[in-house]
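In the numbering used here, the protein residues as written are 576 to 930.
Even for Gly, the Cβ is constructed at its ideal location relative to N, Cα and C.
This structure is a prediction, so every number in the text was calculated from the model and none was measured.
Contents: one structure, followed by commentary.
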Ligand SMILES: [Zn+2]
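Now the structure itself:
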């Protein structure tokens, strides 16, 4: 499609029409006609967006020009069927099917995506209409690097989920990255060894990323189950937007900053909590995190905790991340301090594999 429309433009000085693309391409590839239609729809939408952007003066916006080795293969509902075994059967073209060994109830769309391996991305109708929460409790959440989730309800029931797995996945990745860049620096650019190392790097990135995605899904699922158990109708999250900018000056702070998770992970966990909460009718609110980890819940004095336990001069002691979560909750609501009962959990029994 890219080279076709390029040729057409050079010859006619105007865009090839979407229907003409479809006519020329029809029957040329082993793809379902609906799939070809979906791809040309995407191509057409893309060039329209770029055109709009360029009209607004964004000269960096580029029309599709690269030819890709692999393109997302989208399937519309009519190309998604079920085989005799009750599993998914996707129509590629006349008489060619992709049969999978599982089924998804109420599937709406599917895409095959290449990310260092073939993946099936799908959407489905979960059938949930206007979910309502079970009670009126609220919960405060502190997201962090040591414990991905530290949370406490207004009734003082706490859940802490460890991020040990997350840290060891990242440690493994960093170790491999360091090893690869050391080897790369001694390689001739473009050599066989050079290409092999780049491929390895990509594999490690994809694998560790998938492991982290899985881990954070499990983590947030455990947390949402806890919210349902505790009859929560509102989750209050600390908003760390804009804090984590590691300029060189701030690098010295890194040892303290280790407490904090990266912007990307924060966004990911936040998104997972948001959509999982929505399924249960639970609201998610954000509050600024200022001083929430330092303020004593009992006497409101501020001081920086050292170690895992927060202990104040007034004699108050509790888990440091729970202090953060309680203060975050109380930025939104004002509750009287209650006794805490805290439960520790691992997200999953996941072994970090070496590749
Ligand atoms: Zn105190």
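Length of the line joining the Cα atoms of residue i and residue j
i, j, result
"residue 867", "residue 893", "14 Å"
"residue 884", "residue 705", "41 Å"
"residue 932", "residue 740", "No answer is possible for residue 932: it lies beyond the span of the chain, which begins at 576 and ends at 930."
"residue 605", "residue 660", "25 Å"
"residue 708", "residue 796", "16 Å"
"residue 693", "residue 734", "36 Å"
"residue 771", "residue 580", "35 Å"
"residue 620", "residue 748", "37 Å"
"residue 691", "residue 759", "20 Å"
"residue 906", "residue 784", "34 Å"
"residue 591", "residue 601", "15 Å"
"residue 653", "residue 614", "15 Å"
"residue 584", "residue 688", "29 Å"
"residue 823", "residue 836", "Its pLDDT being 49, under 50, residue 823 is placed unreliably in this model, and the coordinates cannot settle the point."
"residue 921", "residue 738", "8 Å"
"residue 722", "residue 603", "54 Å"
"residue 800", "residue 700", "21 Å"
"residue 666", "residue 698", "17 Å"
"residue 634", "residue 622", "14 Å"
"residue 813", "residue 769", "43 Å"
"residue 819", "residue 841", "No answer about residue 819 holds up, because its pLDDT of 48 lies below 50 and its placement is not dependable."
"residue 919", "residue 724", "10 Å"
"residue 910", "residue 871", "14 Å"
"residue 930", "residue 779", "Note that residue 930 scores 48 on pLDDT, short of 50, meaning its location in the model is unreliable and no value can be drawn from it."
"residue 714", "residue 595", "56 Å"
"residue 869", "residue 915", "18 Å"
"residue 755", "residue 889", "52 Å"
"residue 913", "residue 788", "35 Å"
Residue i versus the options, residue with shortest Cα-Cα distance
i, options, result
"residue 804", "759, 730 and 789", "730"
"residue 855", "906, 869 and 802", "802"
"residue 846", "810, 878 and 875", "810"
"residue 895", "814, 633 and 718", "718"
"residue 727", "921, 904 and 612", "904"
"residue 640", "667, 865 and 576", "576"
"residue 917", "645, 746, 630 and 736", "736"
"residue 838", "645, 587, 720 and 686", "720"
"residue 626", "617, 638 and 616", "638"
"residue 648", "618, 636, 670 and 798", "618"
For residue i, the residue or residues it bridges with in DSSP
i, result
"residue 734", "726 and 918"
"residue 581", "BP columns for residue 581 are empty, so no partner."
"residue 792", "Looking at the DSSP assignment, residue 792 forms no beta bridge with any residue, so it has no partner."
"residue 656", "664"
"residue 940", "There is simply no residue 940 to check, as the chain begins at 576 and stops at 930 in what is shown."
"residue 894", "884"
"residue 719", "Answer is none; residue 719 lacks a bridge partner."
heavy atom of ligand 1 below 7 Å from residue i C-beta
i, result
"residue 891", "yes"
"residue 808", "no"
"residue 873", "yes"
"residue 851", "no"
"residue 877", "no"
"residue 887", "yes"
Under 8 Å between C-beta atoms of residue i and residue j
i, j, result
"residue 862", "residue 849", "no"
"residue 744", "residue 786", "yes"
"residue 887", "residue 876", "yes"
"residue 674", "residue 664", "yes"
"residue 852", "residue 716", "no"
"residue 898", "residue 857", "no"
"residue 662", "residue 676", "yes"
"residue 612", "residue 589", "no"
"residue 776", "residue 752", "yes"
"residue 650", "residue 610", "yes"
"residue 696", "residue 686", "yes"
Minimum Cβ-Cβ distance from residue i to chain D less than 8 Å
i, result
"residue 690", "Protein chains in the displayed structure number just one, and chain D is not present."
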